[in-house]
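Those protein sequences? They're chains V and W, same order as listed.
Quick note: to get this note's numbering, add 323 to the position in the first sequence (first position is 1).
Quick note: to get this note's numbering, add 993 to the position in the second sequence (first position is 1).
Idealized CB from N, CA, C, for every residue including glycine.
Heads up: the structure comes next, in structure tokens.
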Amino acid sequence: MASDMIGTLRRSRAAVTAERPALSEPKVSSIGTRALLLEAPGAFELHQQKRIWSIADEVETWAEVEEVVLGVTNLLVVFSKPPRDLEATSAALMDAWHRLPEKAVSGRVIEIPVIYGGELGSDLPAVSAYSSLPPEEIISIHSAGSYTVCAIGSSPGFGYLHGLDPRIFMPRKTVPSLRMLKGTVTIGGMQAGISVSTGPNGWNAIGWAATPMFDLAKTPPTLLAPGDQIRFRVERIEL
Amino acid sequence: MIEVLSTLPLNTVQDLGRFGARHYGVSTCGVMDPVAFVVGNVLVGNPDNAAAIEVQTFPFVVRFLADTSFAVTGADTAATLDEHEVPPWWSSTAHRGQTLTLRPPASGARAYLALSGGIDVPVILGSRSTHLRSEFGGFEGRSLEQGDVLRTLDGEVASPASRKSAGLGVVPPAFALPPRGAKASDKVLPVRVLRAGEYDLFPVAMQERFWATDWKITHHSDRGGYRLSGQPLKLAAPVELRSYGLIAGIVQVPPSGEPIIQMSDANTAGGYPKIATVIEADLWRLGQTRLGSYIRFEDVTYEHAIDAMAPVVAYLAQIRRTTELYRSL
């Protein structure tokens, strides 16, 4: 039964959504009249993200910028009113891309204890089958890595992480889990994650962490910040 | 102060939105029809951003626990104060003990109940808007329920004029700002959009289909986003982008090919290809479209999209002038 499912998963590999081919040049595009998106060229690499961080720091100081939203090797700039000269504003963003150096980050190291496998890491066998590595090896690879928080987004406190070992990449599910628990440690394509709210989720669950990622009583309310390093520590393994 | 006597789920306290918190992954939330919301506040003498109740399930019944000026704007809900009809887009004063009833609207989707002073709920990350999925903001982070008592901040109980008159009404924006080129008999709402980053990724036939289709707003639509149905828009191969920041009005095409328009409660980031963005001047109109109704997309230029806000701004300015004049009587 399980091997059928894994076989299907493997065969469907070509059918799953693929990442758009990497851009060869940086791209600026508008989203409505009050937002511009700058996307870095190339692969999902940390040095590109560091340039995005630098640009974010500068753009925040521009007049009529209401909000700067970091993404994964991209940056959304929201203006308080539409720039009349869109071309000039786009050119200024492009100039910032070419001009600014990578940001020197001094993020904190945050350790997250994880209970791997078991009921809350129920996709571990599927990840193991997909990668042709035993579950113990998946856990060892996942917990040996150092992950950089690229951006916070999607849901309150959710960190987009760079640094997942390619040996344990695993495509997102075509049919999401309907009720994945908050704190679930996941793999989605080439990204590692920790879910921040209970609900439908298409990433693969390999474990669970109790560490709260968002707390309104704190300033800032998010545990993670861009540039932080995450280390997953094996608290327990349930196979 | 009011007490909720009867409500269905999904009626919430909202303001214009929680701007400036997207970098924490916190959605902006906020009202779906900012024009109706602001007019409601202007009519009762509030700042534009005072919190009000967004009513999207009916009937909705409240009792006033103190004399309060109020206005009902947005969808026409055939409202009554006790047995008296309350015209839509009208402000008047309720006396303690009176009951206000909002009924299922014949047109429009959302009504706004503005109370003088604005609803007194805590400001969280700069806003009083309810964030239902994250269970914070608004009234205890949830939909209103029977028995809830909502306080208001200090406001005028009633202007002298409204005490001696039947109140003040304004022309609804559906009349003052009709959609361009639309006839009253038209069953398909034209929605103006700007092309977005992945428009050119779609084959020409799919681009043409995007413009030509009458898209149905399915019942899987809510404050988070509108899921449209129609002939799917297919790419040569499905692609996903690295997660990027979203704003309300963005039209994305998931692998199914049926577009999604992200709305107020949308997640702050996502990775579906984006084909277009609804212009700001038409977002309020979209906020009033009903499930099961149809929209079609109209291609406009950046300059058109900016200029399209002028009539909305002029409409609001006119209402501010009228209201000020009335209140000075």
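Partners in chain V for Ala-1303 (chain W), counting only beta-carbon separations shorter than 8 Å: Result: empty, since nearest Cβ-Cβ is about 12 Å, beyond 8 Å.
Pro-344 (chain V) versus W:Pro-1266, W:Ser-1120, W:Thr-1206, W:Phe-1030, residue with shortest Cα-Cα distance: Minimum Cα distance to Pro-344 (chain V) is reached at W:Pro-1266.
For Thr-1094 (chain W): DSSP bridge partner residues: W:Val-1054, W:Thr-1073
Assigned secondary structure, Glu-390 (chain V) (DSSP; H/G/I helix, E/B strand, else coil): In this structure, DSSP gives Glu-390 (chain V) an extended state, which the three-state scheme calls strand.
Same chain, Cβ closer than 7 Å to Gln-1224 (chain W), neighbours up to 5 away in sequence not counted: Arg-1202, Thr-1206
Cβ contact check for the segment 1056-1064 of chain W and the segment 1113-1133 of chain W: 3 or more pairs under 8 Å: No: fewer than three Cβ pairs fall under 8 Å.
DSSP bridge partner residues for Asn-524 (chain V) (one or two, in chain order): V:Ser-500
Contacts that Leu-369 (chain V) makes with chain W (C-beta to C-beta distance below 8 Å): Simply none; closest approach about 13 Å.
Residue ranges of each beta strand (DSSP E) within the segment 1249-1277 of chain W, 3 or longer: Segments of the beta strand (DSSP E) lying fully in the segment 1249-1277 of chain W: 1253-1255, 1267-1271.
Proximal residues of chain W, C-beta to C-beta of Ser-352 (chain V) below 8 Å: Ala-1189, Gly-1190
Range covered by the beta strand (DSSP E) that runs through Gly-1033 (chain W): From DSSP, Gly-1033 (chain W) is part of no beta strand (DSSP E) but of the alpha helix (DSSP H) over 1027-1036.
Own chain partners of Glu-1078 (chain W) with C-beta closer than 8 Å, once the 5 adjacent residues on each side are dropped: Ala-1071, Ala-1072
CB contact below 7 Å: Ser-1222 (chain W) versus chain V: no
Closest by C-alpha distance to Thr-509 (chain V), when choosing among V:Leu-416, V:Leu-443, V:Arg-431, V:Ile-433: Checked all of V:Leu-416, V:Leu-443, V:Arg-431, V:Ile-433; the closest Cα to Thr-509 (chain V) is V:Leu-443.
Where Ser-1155 (chain W) sits in the DSSP three-state scheme: Reliability fails at Ser-1155 (chain W), whose pLDDT of 49 lies under 50, so the model's placement of it is uncertain and the value that follows must be treated cautiously. Helix, per DSSP.
Buried versus exposed, by CB contacts within 10 Å (16 or more), Val-1142 (chain W): exposed
Proximity winner among V:Ser-455, V:Tyr-483, V:Pro-549, V:Glu-558, relative to Met-493 (chain V) (alpha-carbon distances): Checking every option, the nearest Cα to that of Met-493 (chain V) belongs to V:Ser-455.
Own chain residues within Cβ distance below 6 Å of Gly-550 (chain V), not counting five before or after: Val-428, Gly-430
Under 8 Å by beta carbon: chain W residues contacting Leu-409 (chain V): Tyr-1295
Nearest-angstrom Cα separation, counted from Glu-381 (chain V) out to Gly-1010 (chain W): 25 Å
Residue environment, Glu-1128 (chain W), which counts as buried when at least 16 other CB atoms sit within 10 Å: exposed
Cutoff 7 Å: Leu-360 (chain V) Cβ touching any chain W Cβ: Look at Leu-360 (chain V): its C-beta is under 7 Å from a C-beta on chain W.
Span of the alpha helix (DSSP H), counted from its first residue to its last, around Asp-1113 (chain W): Careful: Asp-1113 (chain W) lies outside any alpha helix (DSSP H) and carries neither H nor E.
Alpha-carbon spacing of Cys-473 (chain V) relative to Ala-548 (chain V), whole angstroms: 8 Å
Contacts around Tyr-483 (chain V), its chain only, beta-carbon distance under 6 Å, and the 5 residues preceding and following it disregarded: Val-395, Cys-473, Ala-474
Within-7 Å CB hit, His-1213 (chain W) to chain V: no
Proximity test, Cβ basis, 7 Å: Pro-1153 (chain W) and chain V: Low confidence applies to Pro-1153 (chain W): its pLDDT is 46, below 50, so where it sits in the model is not reliable enough to give any reading.
Simplified DSSP state of Leu-1226 (chain W), which is helix, strand or coil: coil
Nearest-angstrom Cα separation, counted from Leu-1221 (chain W) out to Leu-1331 (chain W): This structure cannot settle anything about residue 1331 (chain W), because the visible part of chain W is limited to 994 through 1322.
Local conformation of Thr-412 (chain V) per DSSP, three classes: helix
Cα-Cα separation, Gly-1242 (chain W) to Ser-463 (chain V): Answer to the nearest angstrom: the Cα atoms are 43 Å apart.
Paired residues, beta bridge with Gly-1218 (chain W) - DSSP: In DSSP, Gly-1218 (chain W) forms a bridge with W:Gln-1255.
Minimum Cβ-Cβ distance from Arg-343 (chain V) to chain W less than 7 Å: yes
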